[in-house]
Amino acid sequence: MTAPAEFPPPFDADDAIAAPTDEDTIDVGVLVVGAGPAGLACAIRFGQLLEEHPETAERLGEVPLAVLEKGKQPGSHLLSGAVVNPRSLRRLFKDRKRIDELPFFGPVEGEAVYFLTRRGHVRIPAPPTMRNHGNYIASLSQLGRWLAEQAEEAGAMVLPETSAVQLLVEHGRVRGVRTGDKGRGREGEELANFEPGADITARVTVLAEGTQGHLTGVALQHFGLAGENPQVWALGVKEVWRVAKPLRGIVHTMGWPLRGGARYREFGGSFMYPMADDMVCVGMVVGLDYRDAELSVHDLLQELKTHTVFRRVLDGGERLEWGAKTIPEGGFVALPRRLHAPGLLLCGDGAGFVNVPALKGVHYAVESGRLAAEAAFASLQPGATPATALSAYDDAIRQSFIWSDLQEVRNMRQAFGRGFWLGGALASAMTVTKGRFPPGDARTERDAEQTLLRTDRASQYPAPDGKLTFDKLSSVFASGNKTRDDQPSHIRIRTDVPEEVGRMWERMCPAQVYEWVDGEVRVTPSNCVQCGAITAKGGRLTPPEGGSGPEYTRT
Amino acid sequence: MKIAVCVKHVPEGHGRIEPGSKRLDRSGEGALNHFDANAVEEALRLKGDGDGEVVVVSMGPDKAADSLRKALAMGADRAVLVSDAAIAGSDLVATSKVLAGALAREQADLVLFGQQAEDADGAVLWAAVAERLRRPVVSQAAEVTVSGETVRVKRQTEFGYDVIETPLPAVVAVSDAINEPRYPSLKGIMGAKKKPFETLALADVGVDAGEVGDPGSKTEVLALGDPPSRGDARKIEGDANAAQAIVDFLAEKRLV
Amino acid sequence: MTVLVFLEHHDGEIQKGSLGVLGKAASLGDADAVLVGDGVSSLASEAGKHGAKKVHVADDASVAAPLSQPRVDVLATLAGGYDAVFFANSVLAADIAAGLAARLDAGLNWDLVDVTSEFVGKRPALGDSVLVDVGWRSTPRLALFRSGSFDAQETGGTAEINDVAVALEDFSTQAAMVEQAHAEASGPSIEDADVIVAGGRGLGAPENFTLAEELARALGGAVGATRAVVDAGWYPYSAQIGQTGKTVSPKLYVALGISGAIQHKVGMQSSNVIVAINKDPNAPIFEFSDLGVVGDVHEIVPKLTELVRARKS
Chain X
1 MTAPAEFPPP FDADDAIAAP TDEDTIDVGV LVVGAGPAGL ACAIRFGQLL EEHPETAERL
61 GEVPLAVLEK GKQPGSHLLS GAVVNPRSLR RLFKDRKRID ELPFFGPVEG EAVYFLTRRG
121 HVRIPAPPTM RNHGNYIASL SQLGRWLAEQ AEEAGAMVLP ETSAVQLLVE HGRVRGVRTG
181 DKGRGREGEE LANFEPGADI TARVTVLAEG TQGHLTGVAL QHFGLAGENP QVWALGVKEV
241 WRVAKPLRGI VHTMGWPLRG GARYREFGGS FMYPMADDMV CVGMVVGLDY RDAELSVHDL
301 LQELKTHTVF RRVLDGGERL EWGAKTIPEG GFVALPRRLH APGLLLCGDG AGFVNVPALK
361 GVHYAVESGR LAAEAAFASL QPGATPATAL SAYDDAIRQS FIWSDLQEVR NMRQAFGRGF
421 WLGGALASAM TVTKGRFPPG DARTERDAEQ TLLRTDRASQ YPAPDGKLTF DKLSSVFASG
481 NKTRDDQPSH IRIRTDVPEE VGRMWERMCP AQVYEWVDGE VRVTPSNCVQ CGAITAKGGR
541 LTPPEGGSGP EYTRT
Chain Y
556 MKIAVCVKHV PEGHGRIEPG SKRLDRSGEG ALNHFDANAV EEALRLKGDG DGEVVVVSMG
616 PDKAADSLRK ALAMGADRAV LVSDAAIAGS DLVATSKVLA GALAREQADL VLFGQQAEDA
676 DGAVLWAAVA ERLRRPVVSQ AAEVTVSGET VRVKRQTEFG YDVIETPLPA VVAVSDAINE
736 PRYPSLKGIM GAKKKPFETL ALADVGVDAG EVGDPGSKTE VLALGDPPSR GDARKIEGDA
796 NAAQAIVDFL AEKRLV
Chain E
812 MTVLVFLEHH DGEIQKGSLG VLGKAASLGD ADAVLVGDGV SSLASEAGKH GAKKVHVADD
872 ASVAAPLSQP RVDVLATLAG GYDAVFFANS VLAADIAAGL AARLDAGLNW DLVDVTSEFV
932 GKRPALGDSV LVDVGWRSTP RLALFRSGSF DAQETGGTAE INDVAVALED FSTQAAMVEQ
992 AHAEASGPSI EDADVIVAGG RGLGAPENFT LAEELARALG GAVGATRAVV DAGWYPYSAQ
1052 IGQTGKTVSP KLYVALGISG AIQHKVGMQS SNVIVAINKD PNAPIFEFSD LGVVGDVHEI
1112 VPKLTELVRA RKS
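Protein chains in written order, with this note's numbering: chain X, 1 to 555; chain Y, 556 to 811; chain E, 812 to 1124.
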């Protein structure tokens, strides 16, 4: 039995480290990579601080803070459930904004958790970690777009369609990033409108790249920031639907179509949330430590929709959008041992701030971005020692609710590695004792280290009917993906792998980037929606040309 | 030389028609009509390193500013947006009045348009604008050269290429084959925010509210329906007589 | 109902598209035609045979070149007397129609595929996914029809001729034709082609693109390719049809070994007639083709090419 980890991708993090060149660099005060909730919260908070301290603003030059976003615009690459805990946003806006000014769909009005079997469902009480009273339903993509507007009003310069491909490091200190080239052909040749990337230097660089952040991964390795336990991920595939009848209340399910046996390691569940009166979203989330090479989260979602619980809501409706993204699931034990390096701060999903049992990460991202802004600001004051100033960020995170929340639920996910039934019992024990039992930290294993097995799981996936269930290619279309084809492949994998691995990748990828053809892996990079699953399972995703990938609007 | 480029901010992604107003849903994200990017690129090429000026002009809602900024980021010098609530729903007659009004203020030597608008698929606007400006117009330009006071255009038609010359000032619509629009550099994007940007109301371009929008339009959308299905889709199986069956089908449709 | 139809001509012949529109106009009421050019009087009888009651002839050296603005001047003097003015779409006709709309402040609806006797125009929109009914609020109603919407039919009548004096605006005579178009040596480009034969992965190997090329040559069309085969290096990107390639709407689209994924479909779904050959009976392309052939391209296409060649000779 093989494991994908036996075929490491041809990727060297050192290739993504470079010294700043002197020609034509663009200099800004603070550089944020990623216009997601973490990066934008950082920009907004920093803008507030500059407003209160104009002398600092003056010292930072023309562009005190810039945010780079690799998607077409802020929100294009944002995807989540999402049920958001508003506490961080309240704190960020210092109650200057009322809840009804935030782009939420509305408060959670009731929730149900079901355990599904193929033909039935049983309502089970919501686990204490999953109670959502006081929380709001949102489209993260829309929230991102709104936060970007707030960030610009606060004085930040947001630069979409701009990827950050290299970390600029000099004398052990992060100086900024190099942005990606545009206008290269498939073989890397310069096309007629070739535009080289630029060096952007800054006093502080904040990496808020989200799940599988490219430079975050590079920084963790280069500066030795990673914790003892490796990060693990889940893959979520989600659809937004227009429906005939409004859905009241949010729904979470466990059980079918996932298999509870320990050898399968199928951990996850589904969600269905109302958005407007005529819109709902539905999604399937599965840990990437699953072992069956025939498992396809996209197809599990299609299968899920045929169950009454979902079918009765979606029948007669119209699918509006589709998307996929990974979620870091290691929790507390997989956090980096340090969240800063000279000139560098790590925030949000990229740092792993996700509470898996509660399915929450957005409010941690916002809070971490806010704290990063404060640490960056402090480090820019006259008399501040750069080294200690940024370490204050680590202290602040450790004193925040991010830390205490994650610590409380720290072994939940790892327990589920032992199957739903045993895992469920352990999880309940953890909840009841607020994390104190069982003692010790469970060791996480890397997703790519799981050995593969093959079953005939695929035979149960429904044939797409184009009304309720859909194939992968039309789903990629529904993500708004229009990636330019004639550019170099941004995926680093070995194509000479055994069939098991090749077929596993074929099923794993929700966007049909990998196909097993004639004994080797065929890659169609332009389908990629940059979910990050490949990095968890033996390859390495890097950013393609800025502006590529999905164009989510309501995910 | 002063070059004005007319650009449009069009809805992104798959268009949707609002069933109520029967107009295109423009509430979502938008972007610079990619055919207009060819026109902006051509203007920048013609200006080269000289001391001419490239001004981009658009008619649209406030967020059309995004597309104008993209053109500024590519290298245009100045932007003008005519934005007024009364404008929504303007047809060709009304739109051409507004644009002509804005262009008359500019008195550009050369006015460029892109080949068509992604949203209305209309490939006609420039001729109407040129008529109002009383200037010569040449469309489907696959190549444009300016020497002195004359512009020479290689026009792409169904029959091949014409070469047409006209003195400036003139209006030229470029085809998408003419060039590959440049990517704005980061410096360009950052610099765009500082370039002059004017927002005009209808009165500034000499047009009355009654001449635009619904009251000013001479065409209207009456209803939306499903397109006729492809009729009797036929299917043949097997190789044996397939070729003959296909030829018979093509003959029936008068395609051979 | 009185309709004026602009007849485009090239190399001494009236364009079939214009004659088709003339026929449609004649079915709605009285249809008159207008011919503008140098030495066009001889074409007036052809117009009569295709349904024109009266033909306005503006025969003058000053309007020899196929330029739009002088034609706007001519039509502007005539259009006022009609309920509608019809055009068959072309590069020239579109410019004339729009210029005339601005001259007369008259409504112009374009990309029409039909019009009713109550003057409700039918136009496909959003990649042909929806059919829109459009109307006019004033006269004359200017209508630009998609090329090939109507077939030309000889009804065998004779038309009354009206010679029109040509008086041109200053700005209409500024553009000058320096060199007029000559036919392309190497087949039509994808954008202009009336026929496209496109190949997908079902062709099996890059060498098999010759099947598409031979058939295209026989049909007088251009060759297209799907993203998959361009990605694989079988054919150049300039031939790619689809969401991230070109969008085409030829009269005939022949799809060889193409599955019909939506990324490809959006690039060719407005083609008039779609013929698909694919050995997979469940290929999505069969859901939107007019003739679907489940079979082997390697067996069918060579025979098809031969038969087409035979018919044409």
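For every residue, glycine included, the Cβ atom is placed at its ideal position computed from N, Cα and C.
DSSP lists X:Ile26 and X:Val177 as the beta-bridge partner residues of isoleucine 200 of chain X.
With its beta carbon at least 8 Å from every one in chain Y, glycine 862 of chain E lies outside the interface. Close CB contacts of valine 497 of chain X within its chain, under the 7 Å cut and outside five residues either way in sequence, are with Phe7 and Val521 (chain order).
In summary, alanine 913 of chain E is buried, with 16 or more beta-carbon neighbours lying within 10 Å of its beta-carbon over all protein chains present. With its beta carbon at least 8 Å from every one in chain E, alanine 643 of chain Y lies outside the interface. Judged by beta-carbon spacing, aspartate 1101 of chain E lies within the 8 Å limit of alanine 788 of chain Y, meaning their Cβ atoms are closer than that value.
Between alanine 293 of chain X and leucine 452 of chain X a beta carbon distance of about 5 Å is seen, short of the 8 Å cut, so the two are scored as contacting. When the five nearest sequence neighbours on each side are left out, the beta carbons in the same chain lying within less than 6 Å of the beta carbon of lysine 602 of chain Y are those of Val609, in order along the chain. Counting only residues of its own chain and dropping the five nearest sequence neighbours on each side, leucine 1030 of chain E has a CB closer than 8 Å to the CB of Val1006, Val1008, Leu1063, Val1065 and Val1119. For methionine 157 of chain X, the secondary structure class from DSSP, reduced to helix, strand or coil, is strand. At a cut-off of 8 Å between beta-carbon atoms, methionine 275 of chain X makes no contact with chain Y.
For glycine 1078 of chain E, the closest Cβ of chain Y is not nearer than 8 Å. Shown here for serine 638 of chain Y: same chain residues with a beta carbon closer than 8 Å to its own, the five before and five after excluded, namely Met614, Gly615, Pro616, Asp617, Ala619, Thr754, Leu755 and Ala756 in chain order.
Taking C-beta atoms as the reference points, tyrosine 552 of chain X and serine 76 of chain X count as a pair closer than 8 Å.
Assignment of alpha helix (DSSP H) within the stretch 626 to 676 of chain Y, counting only whole runs of 4 or more residues, yields 647 to 661 in chain order. Taking every protein chain shown into account, the CB of proline 10 of chain X has fewer than 16 other CB atoms within 10 angstroms, so this residue is exposed. Aspartate 181 of chain X and threonine 984 of chain E have their C-alpha atoms spaced approximately 47 Å apart.
At least one CB atom of chain E sits nearer than 8 Å to the CB of lysine 790 of chain Y.
For a cut-off of 8 Å, the C-beta gap from serine 829 of chain E to alanine 899 of chain E is around 5 Å, short enough to register as a contact. Think of a sphere of 7 Å around the beta carbon of aspartate 1042 of chain E: the chain X residues whose beta carbon falls inside it are Asp485 and Thr524, in chain order. Of the residues assessed, aspartate 24 of chain X falls on the exposed side of the cut-off, its CB having fewer than 16 other CB atoms within 10 angstroms. A buried status is given to valine 560 of chain Y, since no fewer than 16 other beta-carbon atoms sit within 10 Å of its beta-carbon.
Under DSSP, glutamine 711 of chain Y shares a beta bridge with Y:Tyr716. Exposure of isoleucine 99 of chain X is indicated by the presence of fewer than 16 other C-beta atoms within 10 angstroms of its C-beta. Sequence-distant partners of threonine 216 of chain X (beyond 5 residues in either direction) whose C-beta falls short of 7 Å from its own C-beta, in its chain, are Leu207, Glu209, Leu346 and Gly350. Annotation: aspartate 1107 of chain E to leucine 805 of chain Y spans about 19 Å, alpha carbon to alpha carbon.
Pairing serine 940 of chain E with alanine 192 of chain X, the inter-Cα distance amounts to about 35 Å. Judged by DSSP secondary structure, phenylalanine 1020 of chain E falls within the alpha helix (DSSP H) whose first and last residues are 1020 to 1030. Exposure of histidine 133 of chain X is indicated by the presence of fewer than 16 other C-beta atoms within 10 angstroms of its C-beta. In this structure, glycine 287 of chain X keeps its C-beta atom at 8 Å or more from the C-beta atom of glutamate 239 of chain X. Per DSSP, cysteine 281 of chain X is one residue of the beta strand (DSSP E) stretching across 279 to 287. By a beta-carbon distance limit of 8 Å, methionine 556 of chain Y contacts leucine 665 of chain Y. Their separation comes to about 7 Å. Judged by their CB atoms, glycine 369 of chain X and alanine 38 of chain X are nearer to each other than the 8 Å cut-off. Ranked by Cα distance from aspartate 906 of chain E, the first of Y:Ala663, Y:Gln671 and Y:Ala640 is Y:Gln671. When C-beta distances to chain E are compared with 7 Å, every residue of the stretch 728 to 744 of chain Y stays at or above that value. Against chain Y, a Cβ distance below 9 Å from glutamine 450 of chain X picks out nothing, because the smallest value is about 37 Å.
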